[in-house]
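Peer 1:
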Amino acid sequence: KQEVTQIPAALSVPEGENLVLNCSFTDSAIYNLQWFRQDPGKGLTSLLLIQSSQREQTSGRLNASLDKSSGRSTLYIAASQPGDSATYLCAVTGGGADGLTFGKGTHLIIQP
Amino acid sequence: GAVVSQHPSWVICKSGTSVKIECRSLDFQATTMFWYRQFPKQSLMLMATSNEGSKATYEQGVEKDKFLINHASLTLSTLTVTSAHPEDSSFYICSANPEYRGRRTEAFFGQGTRLTVV
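Heads up: the sequence lines are chains U and B, in that order. When we follow this note's numbering, the leftmost residue of the first sequence carries the number 1, and every step to the right adds one. When we follow this note's numbering, the leftmost residue of the second sequence carries the number 1, and every step to the right adds one.
1. Give the residues of chain B in contact with Gln-34 (chain U), contact being defined as C-beta atoms less than 7 Å apart.
2. Taking a contact to mean a Cβ-Cβ separation below 8 Å, would you say Gln-6 (chain U) touches Asn-22 (chain U) in this structure?
3. Is any beta-carbon of chain B found at less than 8 Å from that of Gly-99 (chain U)?
4. Span of the beta strand (DSSP E) holding Asp-67 (chain U)?
5. Grab the span of the beta strand (DSSP E) containing Ile-69 (chain B) for me, first residue to last.
6. Does the CB of Gly-110 (chain B) have a neighbour CB from chain U at under 8 Å?
7. Taking only the alpha-carbon atoms, compute the straight-line gap between Cys-94 (chain B) and Arg-61 (chain U) and give it to the nearest angstrom.
8. Span of the beta strand (DSSP E) holding Arg-114 (chain B)?
9. Let me check understanding here. Comparing Cα to Cα, which of B:Arg-37, B:Glu-106 and B:Ala-72 lies closest to Gln-57 (chain U)?
10. In chain order, what residues of the region 36-49 of chain U put their CB closer than 9 Å to some CB of chain B?
11. Looking at the structure shown, is Pro-14 (chain U) part of a helix, part of a strand, or coil, going by DSSP?
12. So with CB distances below 8 Å, who are the chain U contacts of Leu-46 (chain B)?
13. Out of U:Leu-44, U:Pro-112, U:Gly-41 and U:Asn-32, which one is the CA nearest neighbour of Ser-53 (chain U)?
14. Would DSSP call Glu-3 (chain U) helix, strand or coil?
15. Under 8 Å by Cβ, that's how I've got Thr-75 (chain B) and Ser-25 (chain B) pegged, so tell me the actual separation to the nearest angstrom.
16. Using beta carbons (cut-off 8 Å, strictly below), is Thr-82 (chain B) in contact with chain U?
17. Using a C-beta to C-beta distance shorter than 8 Å, which residues of chain U count as neighbours of Phe-121 (chain B)?
18. Please report the residue range of the beta strand (DSSP E) in which Asn-22 (chain U) lies.
19. CB of Phe-67 (chain B) to nearest heavy atom of the ligand ATP: below 7 Å?
20. So which of B:Tyr-92, B:Val-19 and B:Thr-82 has the shortest CA-CA distance to Phe-109 (chain B)?
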């Protein structure tokens, strides 16, 4: 059974810092990996999707990497802003017709 | 990106009643949709896979007679929580994936439904 772990569980940093969120998964046979942000009481916003054949994806200040063989992904946030405060979730799927397995998330606070 | 709309965003119901939650893909067709549940301070857990025109597939430990799923069209899936009890209070959220050139793309989520059973 796939298990996804996210470290750290919580992180608080001053505005402007660069930071890295970590995600690991136990079964390397994934179809893709996706990073989301979730604001309190809200749905999920997709940030980046990495297909199993890809090594990284970039969108604006966000960069996600994938090392499938070691079961790891990182989300890099550059020049953090207070608006980046949210819970960041990592999720993987094992096949094209499968649902996602989520980590518990990293609760991020960016201090103004 | 694609849009998935979920309704209602919150509902309060009495114990023993049933509640229906709708999930719609607004700008793409979805033969498959997914339903998740999230308890406070916990991660999202997949409950079931909704399949257009056929029976849903439930994850282990999810009661199919309690959580009825109907996927009657390519843009609509519904989740009905039957005979709801306080322990069913949770955040329910659906997702769907558009396809591009025959390959499933990223998952898009609805806004979620906060269910409170009193």
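Heads up, the beta-carbon is just placed ideally off N, CA and C, and yes, glycines get one too.
Peer 2: So, to answer that:
1. Taking the first residue of the first sequence as position 1, residue 34 (chain U) is located at position 34. Within chain B, the residues placing a beta-carbon under 7 Å from that of Gln-34 (chain U) are Glu-106 and Ala-107, ordered along the chain.
2. For this step, residue 6 (chain U) is matched to residue 6 along the first sequence. For this step, residue 22 (chain U) is matched to residue 22 along the first sequence. Against a cut-off of 8 Å, the Cβ pair of Asn-22 (chain U) and Gln-6 (chain U) comes out as a contact.
3. The count along the first sequence starts at 1 and reaches residue 99 (chain U) at position 99. Taking Cβ atoms only, chain B reaches closer than 8 Å to Gly-99 (chain U), which makes this a yes.
4. Looking up residue 67 (chain U) in the first sequence gives position 67. Run containing Asp-67 (chain U): 62-67, per the beta strand (DSSP E) assignment.
5. Translated into positions along the second sequence, residue 69 (chain B) becomes position 69. Its beta strand (DSSP E) spans residues 67-73.
6. On the second sequence, residue 110 (chain B) is found 110 positions in, with the first residue counted as 1. At least one C-beta of chain U is nearer than 8 Å to the C-beta of Gly-110 (chain B).
7. Within the second sequence, numbered from 1, the residue matching residue 94 (chain B) stands at position 94. Within the first sequence, numbered from 1, the residue matching residue 61 (chain U) stands at position 61. Each residue's alpha carbon lies about 28 Å from the other.
8. Mapped onto the second sequence, residue 114 (chain B) falls at position 114. Element bounds for Arg-114 (chain B): 113-117.
9. If you number the first sequence from 1, residue 57 (chain U) lands on position 57. The option with the nearest alpha carbon to Gln-57 (chain U) is B:Glu-106.
10. Within the region 36-49 of chain U, the qualifying residues are Phe-36, Gln-38, Gly-41, Lys-42, Gly-43, Leu-44, Thr-45, Ser-46, Leu-48 and Leu-49.
11. Here the question's residue 14 (chain U) lines up with position 14 in the first sequence. Correct three-state label for Pro-14 (chain U): strand.
12. As a working note, residue 46 (chain B) is residue 46 in the second sequence. Per Cβ cutoff of 8 Å: Gly-99, Leu-100 and Thr-101.
13. Numbered from 1 along the first sequence, position 53 holds the residue referred to as residue 53 (chain U). A check of alpha carbon separations from Ser-53 (chain U) across U:Leu-44, U:Pro-112, U:Gly-41 and U:Asn-32 identifies U:Asn-32 as the nearest.
14. The sequence position of residue 3 (chain U) within the first sequence is 3, counting from 1. It is coil, neither helix nor strand.
15. Locating residue 75 (chain B) in the second sequence gives position 75, where the first residue counts as 1. Locating residue 25 (chain B) in the second sequence gives position 25, where the first residue counts as 1. Sure, about 5 Å apart at Cβ, within 8 Å.
16. For the purposes of this step, residue 82 (chain B) is taken as the residue at position 82 of the second sequence. No, Thr-82 (chain B) lies away from the interface with chain U (no Cβ there is under 8 Å from its Cβ).
17. Examination of residue 121 (chain B) is not possible in this model, given that chain B is present from 1 through 118 alone.
18. What you label residue 22 (chain U) is simply residue 22 of the first sequence in a count that begins at 1. Segment 19-25, the beta strand (DSSP E) holding Asn-22 (chain U).
19. Although the ligand ATP was asked about, the structure shown includes no ligands whatsoever.
20. Counted from its first residue, the second sequence places residue 109 (chain B) at position 109. Measuring from the Cα of Phe-109 (chain B), the nearest candidate turns out to be B:Tyr-92.
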